[in-house]
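Residue numbers (the working numbering), protein chains in the order written: chain V, 1 to 111; chain G, 1001 to 1578.
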């Protein structure tokens, strides 16, 4: 590998690592549909995550979250005692990833 | 058992009240006579035998050892920590024969020496932990019933359990709801009426039919079940298409009992979805076309059979989550009329004739109401409904948390005043089409995204007022920067106790609203408060411990101390004169 190639490869690794660290692994999972996620979110998640997840309420604001997908996915699946129900048995993997896709589609306008 | 004698005595009091009511036209005199009859005998004065104090739902203790003159000497007598107080401590304790019984989260029950605080027994039901972890409105338990030698508790996984009152050993355990499928269970207190334990399921925004059950107290056998969604042929006609299958409803707080007519009064939950995109076409279109009986209604049931006797739907086709499954059924006599006063979450207080639920009056307790322009005080008809179609809407008042919440106010026969918390806040929302989620487990069906906000021209806040229960005429009011969320207590010592959201317990002069004493319990209050006497000494017992579906809003809306207030702690704090 040329030195330029090494530099490019290193830059790619650094960029990917930074993106993962910052929770920006935004490429949607196969079958994930933010529209499906929005439907589910409005059914139940919006009871706590207000304005469709754009502002804090009973639950935290989700728009612009720096949590990685896997963290959010795990939280949806396993919940948090006294704060967040565990939806791991309630929704399919595609539905859960659609929720992630919806959350990633939210514009953070600083509210 | 003393408690059973007390219940029988409460039934007898109604007959005394008939005589008292027929012989007087003075509200306070008549009411005092009723309560004296209710509380006759030393055992009855000393106890707190049912969720709302008595069947009359006054949340009043006639005890007067602690009074306006000496309340400044009130000190902590003992404290009990239940542990694992997830979402705080929302319980209303009961007292019988010197023993205090109360519940913590996860349907746990304690019996405690009411004078010393020494635990006598505890009962922790084995719950379906996977289910509880998946529930939204859980794991708090708001109360119990006692009588016939047993303590009755509903569980968040859908069972009703009877525990031996002396030993703490389970007597029977009856599964009533398929909570594994519906995800709802029992969080409210049961009501013991004669030989039946009556308890209502959670419901509201869940796609179910919200049953209320009558269970044989001796055996645990289910005797009857009333469905608050389309529970009669008449009710079925008020749901378009198959919407009744997923209508919501429920009856998640304990009701009251009118022994004179053998009638149980119960408030029902809202329909699902909470918000309805049909707008003004709701009678024929949208997810649940029609009036949606018997949601957001007060219903009168025969406790022996569960048959519906009569009802009044406070909000036909409730499109705002302002259910009737809140608060108390205050039974009073006024000018020879037998009345029941019931708050609705939307911020109005309904006054009914006890014989048939005909409207006597309707009056607003809060200022910020615009979901209707008004409610006809003669008929109860909604005037100027604000039905919201798909899309964005601003400044809907009150907010989803209601003009009043589920905890109870109090009524004093000495002052003739009704003491009640009011909540002033609004919200913006966007109504969105949703489809009920039924598989593999039923889930909430909200039908909108929303954000709580301050009312236009002011800040969100709360107040406690002392009012005429029939007319709503205000005698005094105390404002709070945040709405208190706990129940209130009135006493024969001419005191009103208000446990507030920040953690302060206040005692006010019941006549004037003047603050006479306060104490910081260090955690917000979100549950019950009672008074009782044990070994000749009067006590005030209050549940502390923050965290609830309404209280969880406070951090975002009001900031500190709520942003950092624990939501997994709580204690029962008991006071007496030093």
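By construction, the Cβ of each residue, glycine as well, lies at the ideal position given by its N, Cα and C atoms.
Please read all numbers here as calculations on a predicted model, not as lab measurements.
- Among the residues of chain V, those whose CB is under 7 Å from the CB of residue 1443/G are 43, 44 and 90, following chain order.
- Using a Cβ-Cβ cut-off of 9 Å, residue 1552/G is close to 48, 57, 58, 59 and 83 of chain V, given in chain order.
- In this structure, the straight-line span from the alpha carbon of residue 42/V to that of residue 1276/G is close to 13 Å.
- Taking a Cβ-Cβ cut-off of 9 Å, residue 110/V has no neighbours in chain G, whose nearest Cβ is about 14 Å from it.
- Chain V has a Cβ within less than 8 Å of the Cβ of residue 1135/G.
- Close partners of residue 1248/G in chain V (Cβ separation under 8 Å) are lacking, with about 13 Å as the shortest Cβ gap.
- Distance from the CA atom of residue 1331/G to the CA atom of residue 1411/G, rounded to whole angstroms, is 10 Å.
- Distance from the Cα of residue 1551/G is smallest, within the candidate group 1333/G, 1450/G, 1078/G and 1089/G, for 1089/G.
- Contact check for residue 1260/G against residue 1444/G fails: the beta carbons are separated by 8 Å or more.
- Here the C-alpha atom of residue 1414/G lies approximately 33 Å from the C-alpha atom of residue 1153/G.
- Here DSSP, grouped into helix, strand and coil, assigns residue 1075/G to strand.
- The Cβ atoms of residue 1087/G and residue 1548/G lie closer than 8 Å to each other.
- Not a single C-beta of chain V is nearer than 8 Å to the C-beta of residue 1492/G.
- Scanning its chain for C-beta atoms nearer than 7 Å, with the 5 sequence neighbours on each side dropped, one finds around residue 1578/G the residues 1073 and 1075, in chain order.
- Taking a beta-carbon distance threshold of 8 Å, residue 1432/G counts as an interface residue toward chain V.
- Interface with chain G (8 Å Cβ-Cβ cutoff): residue 87/V is included.
- As a beta-bridge residue in DSSP terms, residue 1312/G pairs with 1298/G.
- An exposed status is given to residue 107/V, since fewer than 16 other beta-carbon atoms sit within 10 Å of its beta-carbon.
- Note on geometry: alpha-carbon atoms of residue 1575/G and residue 1116/G lie some 11 Å from one another.
- As summarised for the region 1429 to 1454 of chain G, the continuous beta strand (DSSP E) elements at least 3 residues long and confined to that stretch are 1448 to 1453, given in chain order.
- Of the candidates 1264/G, 1258/G, 1274/G and 1265/G, the residue whose Cα lies closest to the Cα of residue 1247/G is 1274/G.
- Fewer than three pairs of CB atoms, one per stretch, sit closer than 8 Å, so the region 1341 to 1351 of chain G makes no contact with the region 1299 to 1308 of chain G.
- Against chain G, the CB of residue 51/V has a partner CB under 8 Å away; the residue lies at that interface.
- The contact set of residue 1440/G on chain V, defined by CB atoms closer than 7 Å, consists of 89 and 90 in chain order.
- Within the model, the alpha-carbon separation for residue 1369/G versus residue 1452/G is close to 14 Å.
- Between residue 1316/G and the set 1406/G, 1265/G, 1383/G and 1044/G, the nearest pair of CA atoms involves 1383/G.
- Residue 1564/G and residue 1280/G have their C-alpha atoms roughly 42 Å apart.
- It is roughly 46 Å from the alpha-carbon of residue 1173/G to the alpha-carbon of residue 1335/G.
- The alpha-carbon separation between residue 104/V and residue 1428/G amounts to approximately 23 Å.
- Ranking 51/V, 53/V, 33/V and 44/V by CA distance to the CA of residue 1438/G puts 44/V first.
- Chain order gives the chain V residues near residue 1556/G as 56 and 57, where near means a beta carbon separation below 7 Å.
- According to DSSP, residue pairing for residue 1426/G in a beta bridge involves 1453/G.
- Listed in chain order, the beta strand (DSSP E) elements of length 3 or more contained wholly in the region 1319 to 1343 of chain G are 1330 to 1334 and 1337 to 1343.
- Residue range 1222 to 1227 is occupied by the beta strand (DSSP E) that includes residue 1225/G.
- In the structure shown, residue 1216/G falls within a strand segment according to DSSP collapsed to helix, strand and coil.
- Residue 1142/G is outside the set of residues whose beta carbon lies under 8 Å from a beta carbon in chain V.
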